[in-house]
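Each remark here refers to the structure printed beneath this line.
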Amino acid sequence: MNENFNVSSSPHIRDRISTGNIMLMVVIALLPATVFGIWNFRHEDAWILVVVTTAAAVLSEYIYEKLMKKPVTVNDLSAVVTGLLLALNLPPTLPWWMGALGAVFAIVVVKQLFGGLGQNFMNPALAARCFLLICFAGRMTYFVYDGVTGPTPLAELKAGQAVNTMDMLVGNIRGTIGETSVIAIMIGAMFLLLMGVIDLKIPGSYIISFVIFITIFGGHGFDTQYITAHLCGGGLMLGAWFMATDYVTSPITGSGKIIYGICMGLLTGLFRLFGGSAEGVSYAIIISNLLVPLIEKATLPRPFGKGGEK
C-alpha cells in the first residue's frame with residue numbers, strides 16, 4: 005500500500021449548512037413578528053427604528069473589522085440578526101439614535117471586543133437592551149398603543165388588574181415592537197423547529213419551569229388565565245424561542261440545555277413576582293448566559309476510558 009492520507013484536526017464530519025444559512029433562517033423566522041410590530045405601531049413609525057437599529061449593527065461590524073484589519077464578516081448575517089432582535093426589544097417611541105447607540109454597544113462592546121461571533125459570553129442584543137435600560141430608563145419604559153400611553157398588560161397584571169388575554173395573544177397591546185403578538189412569534193418559532201435550527205429542550209424547559217414557579221408562588225394556583233397572561237405578556241415568548249436558543253451563549257449538551265432552561269424559568273419567575281419590575285426575561289437570560297460554562301462543565305460527558313470508577 006503506497007497511498008498517502010491527509011489527516012486534519014477535528015471536526016472530521018461537517019454539516020453543509022453555514023452560519024449565514026442559519027442566520028438567514030432566523031431572519032426569516034423573525035419576519036412575522038417584525039411585520040406585525042411595524043404595522044401594530046405604524047402611528048409611531050416603528051419601521052424607522054427597526055431599519056436604523058439593524059443598519060447600525062451591520063455598519064458597526066463592518067467599520068470595526070475594517071479598522072482592526074480583520075476579515076469582514078457582515079455576509080454571515082449575524083449582525084443583521086443582532087440588530088433586528090435589539091429593535092424588536094425596543095419600545096416603538098424610542099428615538100432612533102438610542103437604537104443606533106444600542107446596536108453599536110451590542111456589536112462593538114459585547115461581540116467584537118471579545119473576539120467576534122462565537123466568542124461573546126452573553127447575548128449581544130439583550131446586553132444592549134439592558135445597557136439602554138440603565139442609560140435611558142424613562143424612554144425604555146414609555147409605552148404607547150394606538151396613540152395612548154399607559155402601562156403594559158404585564159404591569160397591569162402585576163398591579164392586580166384584569167387583562168385581556170386574547171388581545172395579548174393577538175398583539176393589540178402596548179409593549180416593545182416585537183414582543184406583542186404571540187401568534188406572530190410562534191409562526192417564526194415553528195419555522196425554526198421544522199428547519200432543525202432549534203429544538204424544544206431550551207424553550208420547553210424554560211416555559212415549563214416558569215409555569216411551575218408562578219403556579220406555586222404566584223398566589224393564583226393553577227389559574228389558566230393568569231398563566232396565559234404571564235406567558236403572553238412581556239418578552240418571554242420572544243426570549244424563549246429566539247434569544248435563549250442562541251448557539252453561542254447556550255449549552256451544547258442535552259442535559260445542559262434543560263438545566264439552562266430551568267435556570268431562566270426560575271429567574272424570570274423570581275424577577276416578575278418578587279422584583280420591582282413587571283418584566284425580567286432579559287436579565288434572566290443574561291445571568292443564565294454567565295452560568296453556561298459551569299453548566300457545561302457539570303454536564304459534559306467524560307471521555308471514554310477516563311475518570312471511571314475503580
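If you read the sequence shown in the numbering used here, its first letter stands for residue 5, the second for the next number, and so on. Glycine included, every Cβ here is placed at the ideal spot set by N, Cα and C.
Within the present structure, is the beta-carbon of residue i separated from the nearest heavy atom of the ligand MN by less than 6 Å?
i: G103; result: Judged by which ligands are present, the structure shown has none, so any question about the ligand MN falls away.
Got a sec? Which residues, its chain only, sit under 6 Å from residue i by beta carbon, not counting five neighbours each side?
i: A282; result: L158, A159, K162
i: A132; result: L90, G106, F109, A110
i: E65; result: V78, A83, I111
i: K205; result: K261, I262
i: T303; result: T257, S259, G260
i: D150; result: none
i: V186; result: L173, C236, M241
i: L196; result: A33, I202
i: A193; result: W245
i: L137; result: M144
i: T23; result: D80
i: G273; result: F214, F217, I218
i: C139; result: none
Closest to residue i by CA distance: which of the options is it?
i: P99; options: I52, N127, I138, N176; result: I52
i: V316; options: V84, M241, V285, T145; result: Because the chain in this structure spans residues 5 to 314, residue 316 falls outside the shown range and cannot be described.
i: V114; options: W101, T97, F135; result: F135
i: P155; options: L204, G179, L277; result: G179
i: M190; options: I177, M27, V78, A33; result: A33
i: D203; options: A244, D171, I218; result: A244
i: A141; options: Q116, M172, P95, V174; result: P95
i: L121; options: W101, V148, A104, E69; result: E69
i: A57; options: V152, P255, V31, M102; result: For the record, residue 57 in the displayed sequence is Thr; it is not Ala. Selected option, being the one with the closest Cα: M102.
i: L81; options: P75, I42, V30, M126; result: V30
i: M126; options: P305, E183, R306, V296; result: V296
i: F147; options: I21, F226, H47, M72; result: H47
i: L298; options: S254, T153, Q116, A288; result: S254
i: A60; options: T153, L294, A104; result: A104
i: I21; options: G273, L137, M199; result: M199
i: K74; options: V62, G24, R306, G119; result: G119
i: Q116; options: I138, V152, T184, V76; result: V76
i: I42; options: E183, M72, P305; result: E183
i: L294; options: C139, L274, V252; result: V252
i: T153; options: C139, D171, I177; result: I177
Tell me residue i's beta-bridge partners as DSSP assigns them.
i: V148; result: T153
Once you ignore the five residues that flank residue i on each side, which residues in its own chain have a CB closer than 7 Å to its CB?
i: A129; result: T86, L89, L90, N93, A110, M247
i: A188; result: P36, A37, F40, G175
i: L277; result: I218, F221, G222
i: F45; result: P96, I181
i: S292; result: Y264, C267, M268, L271
i: I289; result: N127, L130, G243, M247, A248, M268
i: I26; result: V201
i: L28; result: L81
i: V62; result: V78, A83, V84, G87
i: Q229; result: T169
i: R306; result: none
Given residue i, which residues of its chain have a CB within under 8 Å of its CB, disregarding the five upstream and five downstream residues?
i: S13; result: Confidence at S13 is low in this model, with a pLDDT of 48, below 50, so its placement is unreliable and the value that follows should be read with caution. So the list is empty, once near-sequence residues are dropped.
i: G225; result: T219
i: K314; result: Any reading at K314 is ruled out, since the residue's pLDDT is 48, under 50, leaving its predicted position unreliable.
i: K301; result: none
i: N124; result: V114, K115, F118, V252, T253
i: D171; result: P157, I177
i: A50; result: G41, I42, N44, P96, I181
i: L71; result: none
Continuous alpha helix (DSSP H) assignments of at least 4 residues falling wholly in the region 153-197 = If you keep only unbroken alpha helix (DSSP H) runs of at least 4 residues inside the region 153-197, you get 157-162, 169-174.
Taking contact to mean at least 3 C-beta pairs separated by less than 8 Å, is the region 203-219 in contact with the region 237-249?
-> Touching, yes, given that three or more Cβ pairs across the two stretches are closer than 8 Å.
Report yes or no: do three or more beta-carbon pairs, one from the region 235-245 and one from the region 280-296, lie closer than 8 Å?
-> The answer is yes - the region 280-296 touches the region 235-245, with three or more Cβ pairs under 8 Å.
Pick out the complete beta strand (DSSP E) segments inside the region 201-243, 3 residues or longer, and give them in chain order.
-> Listed in chain order, there is nothing to give.
Counting Cβ pairs, one atom from each stretch, are 3 or more of them under 8 Å apart for the region 223-234 and the region 160-180?
-> With the rule of 3 Cβ pairs closer than 8 Å, the region 223-234 counts as touching the region 160-180.
Between the region 269-276 and the region 212-223, do three or more beta carbon pairs fall short of 8 Å?
-> Look at the beta carbons and you see the region 269-276 touching the region 212-223: at least three pairs across the two are nearer than 8 Å.
Report the residue ranges of all alpha helix (DSSP H) runs contained in full by the region 91-139; include only those spanning at least 4 residues, in chain order.
-> For the alpha helix (DSSP H) assignment, the uninterrupted runs of no fewer than 4 residues enclosed by the region 91-139 are, from N- to C-terminal side, 100-108, 128-139.
Residue ranges of each alpha helix (DSSP H) within the region 14-88, 4 or longer = Qualifying alpha helix (DSSP H) stretches, in chain order: 23-44, 50-71.
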